[in-house]
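Beneath this line is the structure, given in structure tokens, with notes to follow.
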Amino acid sequence: MSRIGEFLTLEQTRRLGAKSNLVGWLLVLHAWALIAGSMALFVWWPNPFTFLLGVMVIGGRQLGLAILMHDAAHGLLFADRRLNDRVGSWFCAFPVFTSLALYRPYHLQHHRFTQQAGDPDLGLSQAFPTSRTSLRRKIVRDLTGQTAFLRRGEQIRRALGPADAPLASQVGTLWAREKGSLVANLVLFAGLSAAGYWWLYPVMWLLPLATWYQLVSRIRNIAEHAVVPDNDDPLRNTRTTYANPLMQLLVAPYWVNYHLEHHLFLFVPCWRLPQAHRALLEAGRGPSMELKPGYLAVLKAATSGALPNGRGRGERGAQHI
1024 MSRIGEFLTL EQTRRLGAKS NLVGWLLVLH AWALIAGSMA LFVWWPNPFT FLLGVMVIGG
1084 RQLGLAILMH DAAHGLLFAD RRLNDRVGSW FCAFPVFTSL ALYRPYHLQH HRFTQQAGDP
1144 DLGLSQAFPT SRTSLRRKIV RDLTGQTAFL RRGEQIRRAL GPADAPLASQ VGTLWAREKG
1204 SLVANLVLFA GLSAAGYWWL YPVMWLLPLA TWYQLVSRIR NIAEHAVVPD NDDPLRNTRT
1264 TYANPLMQLL VAPYWVNYHL EHHLFLFVPC WRLPQAHRAL LEAGRGPSME LKPGYLAVLK
1324 AATSGALPNG RGRGERGAQH I
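Residue numbers for the sequence shown follow my numbering, so the first one is 1024 and each next one is one higher.
Have a look at this one:
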């Protein structure tokens, strides 16, 4: 609590840390309503525009489900812990082939060792700065499904267990480890089939998951910790990126852009992060914070070829990343 006391009063801490079952449900329902609405729009008015819009909105909300799972990993999505874990798993994590139970310890380690040697996410920021050509190649791989294919292939290989195990054993292991995701997606497919639109599952669920979701997840990762100025300063080893309404819809759902505030105040639910940001600015912390005006500015910095302190990529080892 000593670090928190440097930035917030006791009253601010109490107010910002308040959780809500009602708001938790509203956020989850909001994500699924946008997904259902995008599918319905394409069914009602099928054309290239509604198709692309649907892929982008649904892919953005799939990231949104992952963000809500992230809040659940911190115990912040619902005030009730049992509800937090069940909804966070079945309505947020499993539909996008993720496990809350596996994600939680991994992610908490990231917070414990942010931008240090023990950070399991260090590889996500170490690749930057890079060239624009390299970033373009990554974007092409994301939007053509190559990234998703590689990631899902690795996930399935891990879930199958030892390569020399009998096939029946591997299938059993796969089911045991991935049954939540498989059941959730079977329910989604069955629901769309019962409505007479089974084809929406591959076209308007799997396709966004394999394309736009991969891209916006990459952009999110770059924005959060790539090319930050100081790995040891909690105000500068992560970043807050301002997002306009369009970016909030397609790229940065549920206040994920307030990542600096999230790292400072792990007890604050995502929907209160803008308040935490204002509290820091009102306290005069703005000049010391790593802030970017938008995601284009982040990508420009990530492809600049130099770190914020002037070092080139080849000198990164001296930065204790």
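We treat Cβ as the ideally placed atom computed from N, Cα and C, and that holds for glycine.
query: Of the residues N1254, G1309, M1270 and F1151, the one placed nearest S1361, counting alpha carbons only; result: This structure cannot settle anything about residue 1361, because the visible part of the chain is limited to 1024 through 1344.
query: Nearest-angstrom Cβ-Cβ length linking L1232 and Y1224, presumed shorter than 8 Å; result: About 10 Å; that fails the 8 Å criterion.
query: Backbone secondary structure at T1196 - three-state DSSP; result: helix
query: V1210 to W1055 span [Cα, whole Å]; result: 14 Å
query: Y1281 in three-state terms, based on DSSP; result: strand
query: Option in L1049, L1050, I1027 and W1048 with minimal Cα separation from G1040; result: I1027
query: Length of the line joining the Cα atoms of R1084 and Y1126; result: 19 Å
query: For T1264, the nearest candidate out of I1242, N1254, A1095 and D1255 (CA to CA); result: I1242
query: Under 8 Å between C-beta atoms of E1201 and A1182; result: yes
query: The stretch 1294-1306 contacting the stretch 1030-1049, beta-carbon criterion three pairs below 8 Å; result: yes
query: From L1304, V1239, L1158 and W1048, residue whose alpha carbon lies closest to that of V1279; result: V1239
query: P1276 versus A1249 - alpha carbon distance; result: 19 Å
query: Residue nearest to A1325 in terms of C-alpha spacing, selected from H1097, T1167 and Q1149; result: Q1149
query: Option nearest L1273 by Cα separation, candidates L1075, V1066 and T1036; result: L1075
query: Segments of 4+ residues assigned as alpha helix (DSSP H) that fall wholly inside the stretch 1139-1189; result: 1145-1149, 1155-1166 and 1169-1183
query: Whole-angstrom C-beta distance between P1118 and A1207, which should lie under 8 Å; result: 5 Å
query: When F1114, K1323, M1312 and F1072 are compared against L1091, the one with the closest alpha-carbon; result: F1114
query: Opening and closing residue of the alpha helix (DSSP H) in which S1061 lies; result: N1044 to W1067
query: Cβ neighbour criterion (16 or more within 10 Å) applied to D1255; result: exposed
query: Bridge partners - K1202, DSSP secondary structure assignment; result: DSSP, once it has assigned bridges, lists no residue as partnering K1202.
query: Completely contained alpha helix (DSSP H) runs for the stretch 1251-1280, where each covers 4 or more residues; result: 1268-1273
query: L1033 versus R1308: straight-line alpha-carbon distance, rounded; result: 18 Å
query: Integer Cβ distance of Y1236 from G1060, believed to fall under 8 Å; result: That belief does not hold up - the Cβ atoms of Y1236 and G1060 are roughly 17 Å apart, past 8 Å.
query: CB of L1031 within 8 Å of CB of A1266, strictly; result: no
query: Whole-angstrom distance between D1108 and A1116, CA atom to CA atom; result: 10 Å
query: Bridge partner(s) assigned by DSSP for K1315; result: T1264
query: Other residues of its chain near F1288: CB distance less than 6 Å, five sequence neighbours each side excluded; result: A1299
query: Whole-angstrom distance between W1228 and G1337, CA atom to CA atom; result: For G1337, the pLDDT reaches just 36, beneath the cut-off of 50, and the residue's location in the model is therefore unreliable, although a value from the coordinates is still provided. Going from the Cα of G1337 to the Cα of W1228 covers about 41 Å.
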